[in-house]
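Asks: Got a structure for you, written out below as structure tokens; questions coming shortly.
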Amino acid sequence: MKIFHCFFGFRMGGSETLVVDLANRQCEYGHEVTLLVVNSDVDPALLSTLHKDVRIILLGRQPGSRNPLPLIRLNRLLACERPDILHLHNLGLTGMILPWLRRHCLSTLHTTGIPLEKARGVHLVAISPTVAEDASERHPGTEITVIPNSIDTAAIRQREDIADYRETLRIVQLGRLFPEVKGQDLLIKALGILRRKTIENVTVDFIGSGESRGTLEALAKEEGVADRVTFLDTLPRHETYSRLASYDIMVHPSRIEGFGLAVIEGMAAGLPIIVPDKGAPFEITDNGRFATTFAYGDAASLAETIEKCMAGYPAVHKRTKSAREYVCKHFSLDAMTRSYLQFYSKI
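Numbering follows numbering that gives the first Met the number 0, in which position 156 of the sequence shown is assigned residue number 155; successive positions increment by one, without gaps.
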């Protein structure tokens, strides 16, 4: 099949790295794959991780521009190329594409809260039951297929099979620095609570970038834990996948999450996982069976949960082998690729 993956912009993020994996694997399966990016907001380093046979088309439109030329180019390109599948990863692109060019078009809903008013004539895929349920509640009667996100588990280095942490519990939080969504502020506040209880042997590394870094650094100072917190910015994925194994536990305190790719990456690395007691991260840990949970949005509960994990680390570590097996079975890259190809054939 001739497959076009389409984005507004293409910078490091969960949906973008997911599509890199998907496009690369589709290419390896013998399909003709193109990545089409409408806006000029592009990360060359991320593009460099695409398979050499994935064609890249950059239209270079300025974000928010009212210039019609890029839209004319987009539709002319699609009319000439006639892809078998037009796979959108931003539903807003639908309004830029002429209706007759959307005949074999689907859009993946990568998060909750996406308005579906412009989705007429477009097949919809949700990355988790949480996303599908959210969309169905807001737009009753809409047909949505669930295809879970996945990772290349073989690419992730596993933590040594050590049943306890050393002198200091090393926590990692992986994701864009966006506390309103990812909840990094909850983790910093929990660290402050632990320090005030004279529990000093805990550190947190935040892997990710975002405009809220300054706000989070200020919060760490206010909580008296600036010396316990490190901001590592966004790392190349191969480096992240190698580095995860050096930590003792992953905390993913998100408030809003369509899936939580970092959670299954942590599980694949053999890390004990802490997630809120509701939402997609809870769901993908088999409703908390492979994680330790805290009360959603509650920093005090998170602090208490970290403390309990420290006291009973061998018990939480014991689940990590089964957790990795669960991820390999339910969230493998090959399974996701096959599911999408079957859905493409259907439409």
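Note that beta-carbon positions come from the ideal geometry of N, C-alpha and C, so glycine has one too.
Predicted model, so just to flag it, every value in this text is computed and none were measured.
Nearest to E142 by CA position, among A118, H86, M249 and E159, is which residue?
Replies: That would be A118, whose Cα lies nearest to the Cα of E142.
Asks: Locate the alpha helix (DSSP H) running through M309, then write down its first and last residues.
Replies: A298 to A310 is the extent of the alpha helix (DSSP H) around M309.
Asks: If D276 sits next to G287, beta carbons under 8 angstroms apart, how far is it from one beta carbon to the other, in whole angstroms?
Replies: With 8 angstroms as the limit, D276 and G287 qualify as a contact, their Cβ atoms being about 7 angstroms apart.
Asks: Run through the DSSP bridge pairs and tell me what E31 is partnered with.
Replies: K1.
Asks: Please state the DSSP three-state secondary structure of D160.
Replies: If DSSP states are grouped into helix, strand and coil, D160 belongs with coil.
Asks: The alpha helix (DSSP H) with L49 in it runs from where to where?
Replies: Where L49 is concerned, there is no enclosing alpha helix (DSSP H), given that its DSSP letter is neither H nor E.
Asks: Under 8 angstroms Cβ to Cβ from E306, same chain only, skipping five residues before and after it: list those, please.
Replies: Closer than 8 angstroms at Cβ, skipping near neighbours: L193, K196 and I198.
Asks: Is A244 helix, strand or coil by DSSP?
Replies: Correct three-state label for A244: helix.
Asks: Going by DSSP in three states, L260 sits in which element: helix, strand or coil?
Replies: Reduced to three states, the DSSP call for L260 is helix.
Asks: Where G238 and D204 are concerned, what is the direct C-alpha to C-alpha distance, given to the nearest angstrom?
Replies: According to the sequence as given, residue 238 is Glu; it is not Gly. Approximately 14 angstroms, taken between the alpha carbons.
Asks: In the DSSP output, what is N38 paired with across the bridge?
Replies: DSSP lists R60 as partners of N38.
Asks: Would you identify the three-state DSSP class for V209, choosing helix, strand or coil?
Replies: It is worth fixing the name first, because residue 209 is Gly in this sequence and not Val. Here G209 sits in coil by DSSP.
Asks: P275 lies in the beta strand (DSSP E); which residues open and close that run?
Replies: Residues I272 to P275.
Asks: Just confirm the distance between the C-beta atoms of L105 and V124, as a whole number of angstroms; I'd bet it's less than 8 angstroms.
Replies: 6 angstroms between Cβ atoms; contact.
Asks: Could you spell out the range, first to last residue, of the alpha helix (DSSP H) harbouring D226?
Replies: From DSSP, D226 is part of no alpha helix (DSSP H); its letter is neither H nor E.
Asks: With DSSP run on the structure shown, which of helix, strand or coil describes F177?
Replies: It is coil, neither helix nor strand.
Asks: Can at least three beta-carbon pairs, one atom from the region 241–252 and one from the region 159–171, be found at a separation below 8 angstroms?
Replies: They touch, by the three-pair rule.
Asks: Counting Cβ pairs, one atom from each stretch, are 3 or more of them under 8 angstroms apart for the region 93–100 and the region 64–84?
Replies: Flag = yes, the region 93–100 and the region 64–84 touch.
Asks: Are the CB atoms of V32 and A44 nearer to each other than 8 angstroms?
Replies: Result no, Cβ atoms of V32 and A44 do not sit closer than 8 angstroms.
Asks: Once the 5 residues before and after E282 are set aside, which same chain residues still bring their CB inside 7 angstroms of it?
Replies: Cβ within range, chain order: S127, P128 and T129.
Asks: Assuming contact is defined by CB atoms lying nearer than 8 angstroms, are V201 and R227 in contact in what I supplied?
Replies: Cβ atoms of V201 and R227: closer than 8 angstroms.
Asks: Could you pull the start and end residues of the alpha helix (DSSP H) that A131 belongs to?
Replies: A131 -> alpha helix (DSSP H) spans P128 to R137.
Asks: Return the first residue and the last residue of the alpha helix (DSSP H) that F289 is part of.
Replies: First-last for F289: undefined, no H or E at that position.
Asks: Would DSSP call D266 helix, strand or coil?
Replies: It is worth fixing the name first, because residue 266 is Met in this sequence and not Asp. The answer is helix: DSSP assigns M266 an H, G or I state.
Asks: Is DSSP giving S321 helix, strand or coil here?
Replies: S321 falls in the helix class under three-state DSSP.
Asks: Is L173 closer than 8 angstroms to H261 when the C-beta atoms are compared?
Replies: The amino acid occupying residue 261 in the given sequence is Ala; His does not appear at that position. Yes; because the gap between Cβ atoms is below 8 angstroms, this pair is in contact.
Asks: Among S64, L215, P313 and K1, which residue has its Cα nearest to the Cα of L35?
Replies: Out of S64, L215, P313 and K1, K1 has the C-alpha closest to the C-alpha of L35.
Asks: Please classify L68 as buried or exposed, where buried requires at least 16 neighbouring CB atoms within 10 angstroms.
Replies: It counts as exposed.
Asks: Excluding the five sequence neighbours on either side, which residues of its own chain have a C-beta within less than 6 angstroms of the C-beta of D232, listed in chain order?
Replies: Excluding sequence neighbours, D232 sits near S208.
Asks: If the criterion is Cβ atoms closer than 8 angstroms, does the pair F6 and H103 meet it?
Replies: No, the Cβ-Cβ distance between F6 and H103 is not below 8 angstroms.
Asks: With distances taken Cα to Cα, identify the nearest neighbour of T284 among G259, C308 and S344.
Replies: Comparing Cα positions, the closest option is G259.
Asks: By Cβ distance below 6 angstroms, which residues in the same chain neighbour T48 in space, the five residues on each side in sequence not counted?
Replies: Counting only Cβ-Cβ distances below 6 angstroms, and skipping sequence neighbours, we find V19.
Asks: Looking only at its own chain, which residues have a Cβ that is under 8 angstroms from the Cβ of I187, when we skip the five neighbours before and after it?
Replies: Answer for I187: V203, L215, L218, A219, E222, V224 and V228, listed in chain order.
Asks: Provide the residue span of the alpha helix (DSSP H) that contains T336, from first to last.
Replies: L332 to K345 is the extent of the alpha helix (DSSP H) around T336.
Asks: Along the beta strand (DSSP E) that carries I84, what are the first and last residues, could you check?
Replies: Segment I84 to L87, the beta strand (DSSP E) holding I84.
Asks: Taking a contact to mean a Cβ-Cβ separation below 8 angstroms, would you say G120 touches R101 in this structure?
Replies: Their beta carbons are under 8 angstroms apart, which means G120 touches R101 by this criterion.
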